[in-house]
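Undergrad: Mapping the sequence shown onto the working numbering, position 123 (from 1) lands on 828, and the numbers just tick up by one. Glycine is no exception: its CB is placed at the ideal position from the N, C-alpha and C atoms.
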Amino acid sequence: MTEQQHYGRLIGASLGPGDPELITRRAWAALQSGARWLYPVKKAEESSYALAIVERGGIAVPADAVELVFPMTRDAELLAKAWARAATQTVELLASGRDLVFLVEGDASTFATFGHLARVVRELAPEVEVETIPGVSSFAAAAATTGVTLAEEDETFAIIPAAYGVEVINHLLDEFDTLALLKVKPLLDEVIDLLERRELLATSVFIEKVGSPEERIVRDVVSLKGEKVNYLSLLLVQNPKRVRGELRRGCRKRQVAVTA
Ligand SMILES: C[S@@+](CC[C@H](N)C(=O)[O-])C[C@H]1O[C@@H](n2cnc3c(N)ncnc32)[C@H](O)[C@@H]1O
706 MTEQQHYGRL IGASLGPGDP ELITRRAWAA LQSGARWLYP VKKAEESSYA
756 LAIVERGGIA VPADAVELVF PMTRDAELLA KAWARAATQT VELLASGRDL
806 VFLVEGDAST FATFGHLARV VRELAPEVEV ETIPGVSSFA AAAATTGVTL
856 AEEDETFAII PAAYGVEVIN HLLDEFDTLA LLKVKPLLDE VIDLLERREL
906 LATSVFIEKV GSPEERIVRD VVSLKGEKVN YLSLLLVQNP KRVRGELRRG
956 CRKRQVAVTA
């Protein structure tokens, strides 16, 4: 009779977007639980933004922490190979029975590598237990730092990668009171032109590496035209001129009739 393989748990620990004060108590505990650390890098032996957040928080990186390489490329073949390698490596480490904590910048459920990694790992080893520790996302921290309210009362709010292009963004500006445009770097000039045409520059703000020592806030968004900004940057755009449709009030508490 073959003994059943016992795998460690795979924990995705959200670390917030840069300020270690925004690491939740649960993620902090996971980091110090004895679980082996896994952290993402774009190239082998390159620095890891997620790892740097923890180091700034004062926890030394364990000697047996393992880096996983996720290259920033559109080459489908290269990407598929890298993902397969990362998932296989993760399953091999989990097979020792020890838990793994995967360090995630921002929130682990928002455009993060963790979701995909966990899915591929579960395809290879369905018995692996996965835990996701939620955290502060880049746009939530950016809103707080810049004093932007993402949504109030009946307002609408959307988070999208800017790569959908200015036509889609233009359309969404009519549908949402606030947009968080992530991964804005390659399209920044085009988006700025659109904001200029829509007269929304005054209600837009650009934030780079929020919460980190290199944080940069630019309210004069036009001044960024032609600049090569960091990948870790986003735009918060508010459209105070948006025309709203009618709302159904049915689910609100009925007002008690006042009798004379
Ligand atoms: C792969 S997504 C990661 C999102 C992240 N998991 C989160 O919860 O915000 C990368 C994009 O998120 C945004 N981003 C992530 N971290 C950021 C930071 N510290 N400052 C500004 N934008 C950030 C940028 O738009 C960047 O291109």
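1) Based on Cα-Cα distance, which residue from 927, 736 and 864 lies nearest to residue 887?
2) The beta strand (DSSP E) with residue 740 in it runs from where to where?
3) Tell me the DSSP bridge mates of residue 866?
4) Measure the CB-CB distance between residue 929 and residue 823 and report whether it falls below 8 angstroms.
5) Can you tell me the Cα-Cα spacing of residue 964 and residue 860, whole angstroms?
6) Taking C-beta to C-beta, are residue 840 and residue 721 nearer than 8 angstroms?
7) Could you check whether the segment 896-915 touches the segment 933-941, counting it as contact only if at least three pairs of C-beta atoms, one from each stretch, sit closer than 8 angstroms?
8) By how many angstroms is the C-alpha of residue 854 removed from the C-alpha of residue 764?
9) What would DSSP say about residue 779, mapped onto helix, strand or coil?
10) Under the assumption that residue 799 contacts residue 931 (Cβ atoms under 8 angstroms), give the Cβ distance between them as a whole number of angstroms.
11) Please tell me whether, using a cut-off of 7 angstroms, the distance from the CB of residue 937 to the nearest non-hydrogen atom of ligand 1 is below it.
12) The beta strand (DSSP E) that contains residue 1002, what's its start and end?
13) Just the Cα atoms here: how many angstroms apart are residue 889 and residue 866?
14) Based on DSSP bridge pairs, tell me the residues matched to residue 717.
15) Look up residue 772 in the DSSP assignment and give the residues it is bridged to.
16) Which residue comes first and which comes last in the beta strand (DSSP E) that contains residue 906?
17) Find the nearest neighbour of residue 893 within the set 874, 879, 731 and 735, judged by alpha-carbon distance.
18) So, helix, strand or coil for residue 710, using DSSP?
19) If you compare alpha carbons, which of 880, 833 and 944 is closest to residue 907?
20) Our contact map puts residue 848 next to residue 825 with C-beta atoms below 8 angstroms; I'd like the distance itself, whole angstroms only.
21) For ligand 1, is there a heavy atom less than 7 angstroms away from the beta-carbon of residue 747?
22) So, with DSSP's three-state summary, where would you put residue 949?
23) Thinking C-beta only, is residue 922 closer than 8 angstroms to residue 910?
TA: With the structure as the only source:
1) For the purposes of this step, residue 887 is taken as residue 182 along the sequence shown, with counting starting at 1. Among 927, 736 and 864, the Cα nearest to that of residue 887 belongs to 864.
2) Working through the sequence shown from its first residue, we reach residue 740 at position 35. Looking at the DSSP string, residue 740 is not in any beta strand (DSSP E), and its letter there is neither H nor E.
3) Locating residue 866 in the sequence shown gives position 161, counting from the first residue. The partner list for residue 866 (beta bridge, DSSP) reads 887.
4) Along the sequence shown, read from residue 1 onward, the residue named residue 929 stands at position 224. Along the sequence shown, read from residue 1 onward, the residue named residue 823 stands at position 118. Against a cut-off of 8 angstroms, the Cβ pair of residue 823 and residue 929 comes out as no contact.
5) Within the sequence shown, numbered from 1, the residue matching residue 964 stands at position 259. Within the sequence shown, numbered from 1, the residue matching residue 860 stands at position 155. For residue 964, the predicted model reports a pLDDT of 49, less than 50, meaning its position is unreliable; a value from the coordinates is still stated below. If you take the alpha carbons of residue 964 and residue 860, they lie about 33 angstroms apart.
6) Here residue 840 refers to the residue found at position 135 of the sequence shown. Here residue 721 refers to the residue found at position 16 of the sequence shown. Taking 8 angstroms as the Cβ cut-off, residue 840 and residue 721 qualify as a contacting pair.
7) yes
8) Here the question's residue 764 lines up with position 59 in the sequence shown. Here the question's residue 854 lines up with position 149 in the sequence shown. Answer to the nearest angstrom: the Cα atoms are 33 angstroms apart.
9) Numbered from 1 along the sequence shown, position 74 holds the residue referred to as residue 779. Coil, per DSSP.
10) Position 94 of the sequence shown holds residue 799. Position 226 of the sequence shown holds residue 931. That pair is no contact at about 47 angstroms.
11) As a working note, residue 937 is residue 232 in the sequence shown. Checking the Cβ of residue 937 against ligand 1 gives yes.
12) Residue numbering for the chain in the displayed model covers 706 to 965; residue 1002 lies beyond these limits and cannot be assessed.
13) As a working note, residue 889 is residue 184 in the sequence shown. As a working note, residue 866 is residue 161 in the sequence shown. Cα to Cα, the separation comes out at about 7 angstroms.
14) On the sequence shown, residue 717 is found 12 positions in, with the first residue counted as 1. For residue 717, which the question treats as bridged, DSSP gives the partners 807 and 837.
15) For the purposes of this step, residue 772 is taken as residue 67 along the sequence shown, with counting starting at 1. In the DSSP output, where bridge partners are listed per residue, residue 772 has 744.
16) Residue numbering aside, residue 906 sits at position 201 when the sequence shown is read from its first letter. Where residue 906 is concerned, there is no enclosing beta strand (DSSP E), given that its DSSP letter is neither H nor E.
17) As a working note, residue 893 is residue 188 in the sequence shown. When only C-alpha atoms are compared, the closest one is 874.
18) Taking the sequence shown and counting its residues from 1, one reaches residue 710 at position 5. Coil, per DSSP.
19) For the purposes of this step, residue 907 is taken as the residue at position 202 of the sequence shown. Of 880, 833 and 944, the residue nearest in Cα terms is 944.
20) Within the sequence shown, the letter at position 143 stands for residue 848. Within the sequence shown, the letter at position 120 stands for residue 825. Not confirmed; about 32 angstroms, so no contact.
21) Stepping through the sequence shown from its first residue, residue 747 is reached at position 42. No; taking the cut-off as 7 angstroms, the Cβ of residue 747 has no heavy atom of ligand 1 nearer than that.
22) To locate residue 949, count along the sequence shown from 1; it is residue 244. The answer is coil: DSSP assigns residue 949 none of H, G, I, E or B.
23) Along the sequence shown, read from residue 1 onward, the residue named residue 910 stands at position 205. Along the sequence shown, read from residue 1 onward, the residue named residue 922 stands at position 217. Yes, the Cβ-Cβ distance between residue 910 and residue 922 is below 8 angstroms.
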